[in-house]
Amino acid sequence: MITIENLTKFYGSNRAVNNISFTINDNEILGFLGPNGAGKSTTMNMIAGYLPMTSGTVNICGSDISKEPVKAKKNIGYLPEIPPVYPDMRVKEYLSFCAGLKRIPAAQKSSEIKRVMNLLKIEDVKHKLIKNLSKGYKQRVGFAQALLGNPKFLILDEPTVGLDPNQVVEVRQIITDLKKEHSVIFSSHILSEVSAVCDRVVIINKGDIKAIDTIANLEKSLGGNLILHIKINGSRATASNIIELTKGVKEISKIDSEGNDFFSFTVQLDGDGDDVKNSIMMELIKNNIKISEIYTEKPDLEAVFVELINRNSSKSGMQELYDEIKSENPEKISLDKKEDDE
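Count along the sequence shown from 1, then add 3; that gives the number in this note's numbering.
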């Protein structure tokens, strides 16, 4: 249904999106993931026809959005990261205005507005000024305008931002139900949401696509490696060296400081989980480092995301972390790192 080919965007000499291509199938929810500044919102703005592309094509239900923008946009419902609401309008008035912009026939306008208000549960605030609504309600009003006219293709950029946990569950169910009649591209920083609703994901970083696949296949792409979580009380540098030099450790992918010399390590393994865990425990104890928590788990979408984003960087994620630590505490920290074999 939706085809994106060789999409590129330059801002002056800065290339924000680099020649990317992918498709969105009928009745599919496609997750669109990446860190801040990866090019997600720029890409979604170009797909929606809101932002002109430098080169490439976007085909929406058979219509090129550059050559036939009106025809293509009739099939699009768009919720940007910041909901496009008018604060001095009342909710129902705003939705009526949006229905007019979408050229919904007068005979259908009232029933269509009622349908989307019921779906997003905003009927109770229909007479309120939008500026007086909570952030969560404003988000739902923006979502409602995207659904007006029942478009075939929905672009949802962070649709659950500002919602409370109950509202998040409700909106997640709405998105899942939309799959029956729509194709959806869905961006979120909450990876558990993406895992819950998406059929496939596209992972983008610095304007380049790093992966396109189902979540199950991406999780398998790590080779079924285990993730080891360790929480210690003691020297961060010593613990890092012990963990890195233990046979069966692939890499330390994350270190969090929890204050008072407590640190949490996330470690990727390529050996037997129990053997590696026992070896690390013995060495940490020998070096007077207390272990408050240690356990293993299978890699999930978050682990895949971190792996793909850090892969092929000029510096590894751990190298950047070491540099940051040294710059902050040059007189206190000295780390012996293994040479990079790559």
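All C-beta atoms in this analysis are idealised placements derived from N, C-alpha and C, irrespective of residue type, glycine included. These numbers were taken from a predicted model, which means no experiment stands behind them.
- Message: Rounded to the nearest angstrom, what separates Ile23 and Phe156 at their Cα positions?
- Response: As a first step, residue 23 is located in the sequence shown; it is residue number 20 there, counting from the start. As a first step, residue 156 is located in the sequence shown; it is residue number 153 there, counting from the start. So the two alpha carbons sit approximately 19 Å from each other.
- What does a CB cutoff of less than 8 Å around Ser295 pick up in its chain, not counting 5 residues either side in sequence? Position 292 of the sequence shown, counted from the first residue, corresponds to residue 295. Lys234, Ile235, Asn236, Phe265, listed in sequence order.
- Message: Using only the alpha-carbon positions, how far apart do Lys112 and Lys77 sit?
- Response: As a working mapping, residue 112 is identified with position 109 in the sequence shown. As a working mapping, residue 77 is identified with position 74 in the sequence shown. Straight-line Cα distance between these residues: approximately 16 Å.
- Query: Helix or strand or just coil, what does DSSP make of Thr217?
  - Reply: Residue numbering aside, residue 217 sits at position 214 when the sequence shown is read from its first letter. Correct three-state label for Thr217: coil.
- In this structure, does DSSP put Leu123 in helix, strand or coil? For this step, residue 123 is matched to residue 120 along the sequence shown. Note: Leu123 maps to helix in three-state DSSP.
- Going by beta carbon distance, what residues of the same chain come within less than 6 Å of Asp202, once the five residues before and after it are set aside? Walking along the sequence shown from the start, residue 202 turns up at place 199. If we look at Asp202 and ignore the five residues flanking it on each side, its Cβ neighbours are Glu31, Ile32.
- Message: Can you tell me whether Glu254 is helix, strand or coil according to DSSP?
- Response: In the sequence shown, counting from the first residue as 1, residue 254 sits at position 251. In this structure, Glu254 counts as strand in the three-state DSSP scheme.
- Message: Taking the alpha-carbon of Ser114 as reference, which of Asn290, Asp277, Asn153 has the nearest alpha-carbon?
- Response: Position 111 of the sequence shown, counted from the start, is the residue given in the question as residue 114. Cα-wise, what sits closest to Ser114 is Asn153.
- Query: If you count every other CB in all the chains shown that lies within 10 Å of the CB of Thr45, and 16 or more means buried, which is it?
  - Reply: Here residue 45 corresponds to residue number 42 of the sequence shown, with the count starting at 1. Burial call: buried.
- Classify Arg143 as buried or exposed, calling it buried when 16 or more other Cβ atoms lie within 10 Å of its own Cβ. Counted from its first residue, the sequence shown places residue 143 at position 140. Result: buried.
- Identify whether Asp91 lies in helix, strand or coil by the three-state DSSP scheme. In the sequence shown, counting from the first residue as 1, residue 91 sits at position 88. The answer is coil: DSSP assigns Asp91 none of H, G, I, E or B.
- Message: Quick check on DSSP: helix, strand or coil for Lys112?
- Response: The count along the sequence shown starts at 1 and reaches residue 112 at position 109. If DSSP states are grouped into helix, strand and coil, Lys112 belongs with the helices.
- Task: Let me know the secondary structure DSSP gives Thr163 once reduced to three states.
- Result: Within the sequence shown, residue 163 is the residue found at index 160, counting from 1. Reduced to three states, the DSSP call for Thr163 is coil.
- Task: Label Lys12 either buried or exposed according to how many other C-beta atoms from any shown protein chain fall within 10 Å of its C-beta, with 16 as the threshold for buried.
- Result: For the purposes of this step, residue 12 is identified with residue 9 of the sequence shown, where counting begins at 1. Burial call: buried.
- Message: Can you look up Arg18 in the DSSP assignment and give me helix, strand or coil?
- Response: Residue mapping note: residue 18 aligns to position 15 of the sequence shown, counting from 1. In this structure, Arg18 counts as strand in the three-state DSSP scheme.
- Message: For Gly103, which residues in the same chain have their Cβ closer than 7 Å to its Cβ, ignoring the five residues on either side in sequence?
- Response: Position 100 of the sequence shown holds residue 103. Correct list: empty, nothing qualifies.
- Contact belief for Ile27 with Met4 at Cβ below 8 Å, rounded distance in angstroms: Working through the sequence shown from its first residue, we reach residue 27 at position 24. Working through the sequence shown from its first residue, we reach residue 4 at position 1. The beta-carbon separation of Ile27 and Met4, rounded to 6 Å, stays under the 8 Å limit for a contact.
- Message: I need the boundaries of the beta strand (DSSP E) containing Thr269, first residue and last residue.
- Response: For the purposes of this step, residue 269 is taken as residue 266 along the sequence shown, with counting starting at 1. Counting along the chain, the beta strand (DSSP E) containing Thr269 begins and ends at 265 to 272.
- Neighbourhood of Leu136 by C-beta, 8 Å cutoff - its chain only, sequence neighbours within 5 removed: Counting from 1 along the sequence shown, the entry for residue 136 is found at position 133. Closer than 8 Å at Cβ, skipping near neighbours: Val94, Val128, Val144.
- According to DSSP, which residues form a beta bridge with Ile288? On the sequence shown, residue 288 is found 285 positions in, with the first residue counted as 1. Note: Ile288 sits in no beta bridge, so no partner.
- For Gly320, which of helix, strand or coil comes out of DSSP? For the purposes of this step, residue 320 is taken as residue 317 along the sequence shown, with counting starting at 1. Only weak support is given to the placement of Gly320: the predicted model assigns it a pLDDT of 41, under 50, and the value that follows is read from those uncertain coordinates. It is helical.
- Query: Taking the alpha-carbon positions, what's the Phe146 to Tyr140 distance?
  - Reply: On the sequence shown, position 143 is the one that residue 146 refers to. On the sequence shown, position 137 is the one that residue 140 refers to. Cα to Cα, the separation comes out at about 10 Å.
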